[in-house]
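Numbering (this note's numbering), first residue to last: -8 to 140. Every residue gets a Cβ at the ideal spot worked out from N, C-alpha and C, and that includes glycine. A quick write-up on the structure given underneath.
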Amino acid sequence: SVEDIVKEHWKTYGRNYYSRHDYEGVESDKANTLMDNLRSLLPSLPGKQYGQYEVKYADDFSYTDPIDGSVSQKQGIRIGFTDGSRIVFRLSGTGTQGATLRLYVESYEPDATKQDQDTQEALSPLISLADEIAQIKNLTGREKPTVIT
């Protein structure tokens, strides 16, 4: 079956867990404060230890178009860890209904005995860490995301 093929692939190459948490309709000033606070933390994060996670890099991603050379700044705050895990915070749209804070969380799992976990369960330590670093609940007043994918 397809499931058997996928599980065999994971056993050989490892599994990547990935999830996106959207906090829709966040007040724009609160969303911007959260992102500004994260930007101010960037220089102090590399080398910092959070439980089992050590920060390898932290940056404010910018994209350079390979065709016209234009640069799009502030495309997301990335925090990468020495084990390959990553958290990305991105603000999307600041319309009349506020902003959407998008949290992307991903982790690689090489251990075959840990590859059958529920995605949210597998990522829960990183999701909690994202809240700890960004103070999502504190700054947005949200206990949980609007949408989880």
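Burial is judged here by how many other beta carbons sit within 10 angstroms of a residue's own beta carbon; residue 72 has at least 16 and is buried. Beta-bridge annotation (DSSP): residue 70 is paired with 49, 78. Where residue 128 is concerned, the enclosing alpha helix (DSSP H) starts and stops at 127 to 131. Taking C-beta atoms under 8 Å as the contact rule, residue 70 and residue 36 qualify, at a distance of about 6 Å. Between residue 102 and residue 59, the alpha-carbon positions lie close to 43 Å from each other. Counted as a single uninterrupted DSSP element, the alpha helix (DSSP H) harbouring residue -6 occupies residues -7 to 4. Per DSSP, reduced to three states, the secondary structure at residue 61 is coil, with no helix or strand assignment. In the structure shown, the three-state DSSP call for residue 24 is helix.
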